[in-house]
Structure formats: C-alpha cells, structure tokens
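Numbering (our numbering), first residue to last: 2 to 87.
Backbone N, C-alpha and C define an ideal beta-carbon position, used for all residues, glycine too.
Read through the structure below, which is laid out as structure tokens, and then see the notes.
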C-alpha cells in the first residue's frame, strides 16, 4: 500500500489551481469501518483558511481521487495547518 500512498501524494502535489496553497500532503489507504476501500488525505495548509475554501478544496481533492481510481473509493479529507503538523 505504501506505493499507492506515494503515488497519490505525488499526484496531489502536482495539482494546479487549488483554492488555497497546500504546504504538504499526507496520504493513507486502507479499509474503513464499513469494510470499504478508502483514502485518507491530510492537506497541510500554509495558513488557516475559511470553511468555504476548505469545502472547495475537499471537493476538488475527493473528485480528483475518485476520477483517477480504478475502483470505487471513499475519500476522507482532513485539514491541518503547517504549525499544527509539526
């Protein structure tokens, strides 16, 4: 699974036109509590941003991963600021 995590992280790092700058991406894949394949994404934001911006980023990331996946996948997007991630 580490390869998939690294591939997703790399693809996210190359995204253009994001609603807000992202300092780093953290990605994990596995099975969620409903026994469904899932991707957990932590967007490490450079600064705190408003709710509407986070919702736009969440939807952008979720749609991107679902469009790139070869199978149905649940995408969980979480946010942290760079200072929180340290």
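Asked                                                                                                                                           : Found
Under the assumption that residue 6 contacts residue 28 (Cβ atoms under 8 Å), give the Cβ distance between them as a whole number of angstroms. : 5 Å
How many Å lie between residue 67 and residue 81 at the Cα?                                                                                     : 22 Å
Going by alpha carbons, who is nearest to residue 46 out of 20, 65 and 38?                                                                      : 20
Decide if residue 83 is buried, meaning its Cβ has at least 16 other Cβ atoms within 10 Å, or exposed.                                          : exposed
Let me know the alpha helix (DSSP H) ranges lying completely inside the stretch 15-82, each 4 residues or longer, listed in chain order.        : 52-69
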